[in-house]
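The structure appears right after this line, and notes come after that.
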Amino acid sequence: MSDIEPIRPRPHHAGSTTNLVTFNRPERDRKPVTTFDRQELSAILAVYGRKVAAGEWRDYAIDLGSETAVFSVFRRASECPIYRIQKSPRDARKQGAYSVVAASGMVLKRGRDLARVLGVLEPARLID
10 MSDIEPIRPR
20 PHHAGSTTNL
30 VTFNRPERDR
40 KPVTTFDRQE
50 LSAILAVYGR
60 KVAAGEWRDY
70 AIDLGSETAV
80 FSVFRRASEC
90 PIYRIQKSPR
100 DARKQGAYSV
110 VAASGMVLKR
120 GRDLARVLGV
130 LEPARLID
């Protein structure tokens with residue numbers, strides 16, 4: 010079969026012993042994916058919602074990789090992200106699994122508690 014020839018499935022006949030072709034990778038070849046859980050995503054989206062309501066942010070993207078999960082925040086969809094909220098379980102024992110990175114690549118805050126790390130994105134609220 011050549012690279013440009015389309016793949017055509019063969020009809021399955023009763024009683025025939027045909028091999029099924031699967032296009033998914035086998036389970037043993039799959040790498041684990043780092044994700045945000047429901048509570049983490051809720052905390053991130055709460056901050057995101059406040060910033061969208063204030064007109065500061067407009068779009069986001071989520072990238073799930075084998076070593077990190079990244080929530081990128083955009084001022085406009087056509088720009089590069091102004092902030093990246095990263096989860097790296099590999100760094101959890103050293104500096105903490107969560108970090109907020111600016112567009113310049115500078116780490117603004119890093120730690121084990123997501124709520125405290127996200128605090129760098131919101132101005133301090135004055136309590137009367």
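Throughout, my numbering is defined as the position within the sequence shown, counted from one, plus 9. Glycine included, every Cβ here is placed at the ideal spot set by N, Cα and C. Computed from a predicted structure; not experimentally measured.
Contacts around residue i, its chain only, beta-carbon distance under 6 Å, and the 5 residues preceding and following it disregarded
i	result
Ser108	Gln95, Val116, Arg119
Thr44	Leu73, Ala78
Under 8 Å between C-beta atoms of residue i and residue j
i	j	result
Asp72	Val79	yes
Val42	Ser75	yes
Val61	Glu131	no
Ile91	Arg84	yes
Val110	Arg93	yes
Glu49	Leu123	yes
Where residue i sits in the DSSP three-state scheme
i	result
Asp46	coil
Ile71	strand
Gly105	coil
Same chain, Cβ closer than 7 Å to residue i, neighbours up to 5 away in sequence not counted
i	result
Gly105	Arg119, Gly120, Arg121
Asp100	Ala106
Cutoff 8 Å; reference residue i; Cβ partners in own chain excluding five residues on either side
i	result
Gly128	Lys118
Arg67	Val61, Phe83, Arg84, Arg85, Ala86
Min CB distance residue i to chain B below 8 Å
i	result
Trp66	Reference to chain B is not applicable here, since this structure consists of a single protein chain.
Residues that DSSP places opposite residue i in a beta bridge
i	result
Ile91	DSSP output for Ile91 lists no bridge partner at all.
Ser81	Ala70, Arg93
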